[in-house]
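Undergrad: Pasting in a structure now, in structure tokens, and then I'll have a few things to ask.
Protein chains: 2
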Amino acid sequence: MARGRLDFYYEFASTYSYLAAARIGPLAEAAGVEVTYVPFLLGPIFAAQGYSTSPFNLYPEKGRHMWRDLERLAAHYGLPPIVRPATFPANGLLAARVATALNDASRPGFTKALFLREFAEGQDISDPAVIRQVLAGLGHFCDAPIEAAQSQANKDRLRAQTERAQAAGVFGAPSFVTPDGELFWGNDRLELALDHAVRGA
Amino acid sequence: MARGRLDFYYEFASTYSYLAAARIGPLAEAAGVEVTYVPFLLGPIFAAQGYSTSPFNLYPEKGRHMWRDLERLAAHYGLPPIVRPATFPANGLLAARVATALNDASRPGFTKALFLREFAEGQDISDPAVIRQVLAGLGHFCDAPIEAAQSQANKDRLRAQTERAQAAGVFGAPSFVTPDGELFWGNDRLELALDHAVRGA
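Just so you know, the protein sequences line up as chains A and B, in that order. Residue numbers for the first sequence follow my numbering, so the first one is 1 and each next one is one higher. Residue numbers for the second sequence follow my numbering, so the first one is 1001 and each next one is one higher.
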């Protein structure tokens, strides 16, 4: 039985969401925390803050540091070297819809595998062919997940997840929210969030 | 003999600079890293990025998270509970000038003690009386440090330190820079920066 619960809010275009997605599985298992994966879209949340694109593009020095930081952290965590996709931030809409359409058992594997394509292979995750390859690699050999992703009901579900993120105070990705409403922002806070999920306030 | 070197760039108005200042002494000593304390002003650096004040004030949700994060981290590190100063960000000009005027032996103690006044007691560090009390607590019983701080030569030194920060790519505080030019932004990166200072690239 789980000793605690945690909502993991992530956006497929987000570099630090990649690091969190790569790490959260074993860390949560070791802590006995049950994780709910909640893909959402940063676009509307950034727009509400007045950002037209990623702050890493708006502030070039911050962006330079982020890419270097990402390289260092990937090495630190034992992840493959970073390969920057040609376009940043990627359009993560289809990816988020597919992740939303998958069931709870398939979502974590898809999330982790697609992030690896994006930031360890530099692939364009807005390309349906890339998403299809990742799905096939996980045993989904037909277009059903992509078709389900494009249904109105699923689009609405993703929109509701983004609204849920906003209601929880999420302003960036990744974010972690515990059942008592504590919000932890950033891959750097994953350990503290897991700890809080177990210990409580 | 030191096994490595590190420049520690900090701004007295910065909450995460407080956490770094509270932690860097023993961590650097344990790692065998010699730290150069470089107070600087974020104002000109934020202005160059188009910010009129702290991003934590410009983005209320980010600001709310920062204060809660600070409380949690203070508890995590075993620091006193956070007491928010009435004005944030404080005007850290005089504090930075005094820190600059002090010698290398006195600067770390002054830095740590003034930050404690600011974020563990909620005092206004732009108030010369608060700075005088901190100086007295460290054994400086006359106004010489404050007078030295206001000399043109010292003002120029602080300005040069801010320019040196900008030249090193610093865009926020705290930041750590190793002799090979690696920039690490944020209290969260202190350990990695110390590690890099020892191991090299």
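Backbone N, C-alpha and C fix where the C-beta goes; we use that ideal spot for every residue, glycine too. If you're wondering where the values come from, they're calculated on a predicted model, not measured in any experiment.
What alpha helix (DSSP H) runs, 4 residues minimum, are completely inside the stretch 62-147 of chain A?
TA: Taking only runs of at least 4 residues, the alpha helix (DSSP H) segments lying wholly in the stretch 62-147 of chain A are 93-101, 107-120, 128-137.
Undergrad: Kindly list, in the order they appear in chain B, the residues whose Cβ is closer than 7 Å to that of residue 62(A).
TA: Residues of chain B passing the Cβ test: 1171.
Undergrad: Mind listing the chain A neighbours of residue 1152(B)? Cutoff is C-beta to C-beta under 7 Å, in chain order.
TA: Neighbours of residue 1152(B) on chain A: none; closest Cβ ~30 Å, over 7 Å.
Undergrad: In this structure, what does DSSP give as the bridge partners for residue 1035(B)?
TA: The partner list for residue 1035(B) (beta bridge, DSSP) reads 1006(B).
Undergrad: Find the nearest neighbour of residue 1232(B) within the set 1182(B), 1188(B), 1187(B), 1186(B), judged by alpha-carbon distance.
TA: This structure leaves residue 1232(B) out entirely; chain B is present only between 1001 and 1201.
Undergrad: Starting from residue 1176(B), follow its DSSP beta bridges and name the residues at the other end.
TA: Residue 1176(B) pairs with 1008(B), 1184(B).
Undergrad: Output needed for residue 1168(B): all residues of its chain with C-beta closer than 7 Å, excluding positions within five of it in sequence on either side, in chain order.
TA: Only 1177, 1183 meet the Cβ criterion.
Undergrad: Since residue 72(A) meets chain B, which of its residues come closer than 7 Å, beta carbon to beta carbon?
TA: Residues of chain B passing the Cβ test: 1192.
Undergrad: Residue 1007(B) CB to nearest chain A CB: under 7 Å?
TA: By this cut-off, residue 1007(B) is not an interface position.
Undergrad: Quick one: is residue 150(A) buried, meaning 16 or more other Cβ sit within 10 Å of its Cβ, or exposed?
TA: Exposed, because fewer than 16 other Cβ atoms sit within 10 Å of the Cβ of residue 150(A).
Undergrad: Leaving out five residues before and five after residue 3(A) in sequence, what residues of the same chain have Cβ atoms less than 6 Å from its Cβ?
TA: The answer, listed in chain order, is 32, 198.
Undergrad: Name the chain A residues that come within less than 9 Å of residue 1076(B), Cβ to Cβ?
TA: Neighbours of residue 1076(B) on chain A, chain order: 192, 195.
Undergrad: Would residue 67(A) pass as an interface residue toward chain B - the criterion being a Cβ-Cβ separation below 7 Å?
TA: Not an interface residue.
Undergrad: Tell me the DSSP secondary structure of residue 1049(B) in three-state form.
TA: Reduced to three states, the DSSP call for residue 1049(B) is coil.
Undergrad: With 8 Å as the limit, tell me which residues of the stretch 1041-1063 of chain B have their beta carbon closer than that to any beta carbon of chain A; keep them in chain order.
TA: Answer set for the stretch 1041-1063 of chain B: 1049, 1059, 1061, 1062.
Undergrad: Applying a beta-carbon distance threshold of less than 7 Å, which residues of chain B neighbour residue 188(A)?
TA: Ordered by position in chain B, the residues that pass the 7 Å Cβ test against residue 188(A) are 1188.
Undergrad: What number of angstroms, rounded off, separates the C-alpha of residue 1050(B) from the C-alpha of residue 10(A)?
TA: If I take the Cα positions, the gap works out to 28 Å.
Undergrad: Using 8 Å as the cut-off, can you tell me whether the stretch 1024-1042 of chain B makes contact with the stretch 1089-1106 of chain B, which would need three or more C-beta pairs spanning the two stretches below that distance?
TA: Judged by Cβ distances under 8 Å, the stretch 1024-1042 of chain B makes contact with the stretch 1089-1106 of chain B, as three or more pairs qualify.
Undergrad: Determine the DSSP secondary structure at residue 168(A), reduced to helix, strand or coil.
TA: Residue state, collapsed to three classes: coil.
Undergrad: Could you check what DSSP says for residue 1013(B) in three-state terms: helix, strand or coil?
TA: Here residue 1013(B) sits in coil by DSSP.
Undergrad: DSSP state of residue 25(A), grouped into three classes?
TA: The answer is helix: DSSP assigns residue 25(A) an H, G or I state.
Undergrad: Using C-beta distances below 8 Å, list every residue in its chain close to residue 1110(B), excluding the 5 sequence neighbours before and after it, in chain order.
TA: Correct list, in chain order: 1098, 1099, 1102, 1134, 1135, 1138.
Undergrad: Leaving out five residues on either side along the sequence, give the residues of the same chain with a beta carbon under 8 Å from the beta carbon of residue 1028(B).
TA: Excluding residues within five positions, the ones whose Cβ falls inside 8 Å are 1006, 1034, 1035, 1194.
Undergrad: If the criterion is Cβ atoms closer than 7 Å, does the pair residue 974(B) and residue 171(A) meet it?
TA: Because chain B here runs from 1001 to 1201, residue 974(B) falls outside it and cannot be looked at.
Undergrad: Tell whether a beta-carbon distance below 7 Å holds between residue 1089(B) and residue 1052(B).
TA: In this structure, residue 1052(B) does not lie closer than 7 Å to residue 1089(B) by Cβ.
Undergrad: Rounding to the nearest angstrom, what Cα-Cα distance links residue 1192(B) and residue 188(A) in this structure?
TA: C-alpha separation (whole angstroms): 12 Å.
Undergrad: For residue 1180(B) and residue 1200(B), I'd like the C-alpha separation in whole angstroms.
TA: Approximately 8 Å between the Cα atoms of the pair.
Undergrad: Can you pull the chain A residues whose beta carbon is under 7 Å from the beta carbon of residue 1183(B), in chain order?
TA: Those within 7 Å of residue 1183(B) in chain A are 65.
Undergrad: Just to confirm before moving on: does the CB-CB distance between residue 174(A) and residue 13(A) stay below 7 Å?
TA: The answer is no: Cβ separation not under 7 Å.
Undergrad: Take the Cβ of residue 1065(B) as the centre, count every other Cβ of all protein chains shown within 10 Å, and call the residue buried at 16 or more, exposed below.
TA: It counts as buried.
Undergrad: Quick one: using the 10 Å Cβ neighbour count with 16 as the cut-off for buried, is residue 118(A) buried or exposed?
TA: That one is buried.
Undergrad: Find out if the Cβ-Cβ distance for the pair residue 26(A), residue 162(A) is shorter than 7 Å.
TA: No, they are not a contact pair.
Undergrad: How would you call residue 1069(B), buried or exposed, if buried means at least 16 neighbouring beta carbons within 10 angstroms?
TA: Per the 10 Å Cβ criterion, buried.
Undergrad: Take residue 1084(B) as the anchor and find which of 1115(B), 1108(B), 1077(B) has the nearest alpha-carbon.
TA: Per the Cα distances, 1115(B).
Undergrad: Helix, strand or coil: how does DSSP classify residue 1200(B) here?
TA: Reduced to three states, the DSSP call for residue 1200(B) is coil.
Undergrad: Does the beta-carbon of residue 1196(B) have 16 or more other beta-carbons within 10 angstroms, so that it is buried, or is it exposed?
TA: Answer is buried; the Cβ neighbour count reaches 16.
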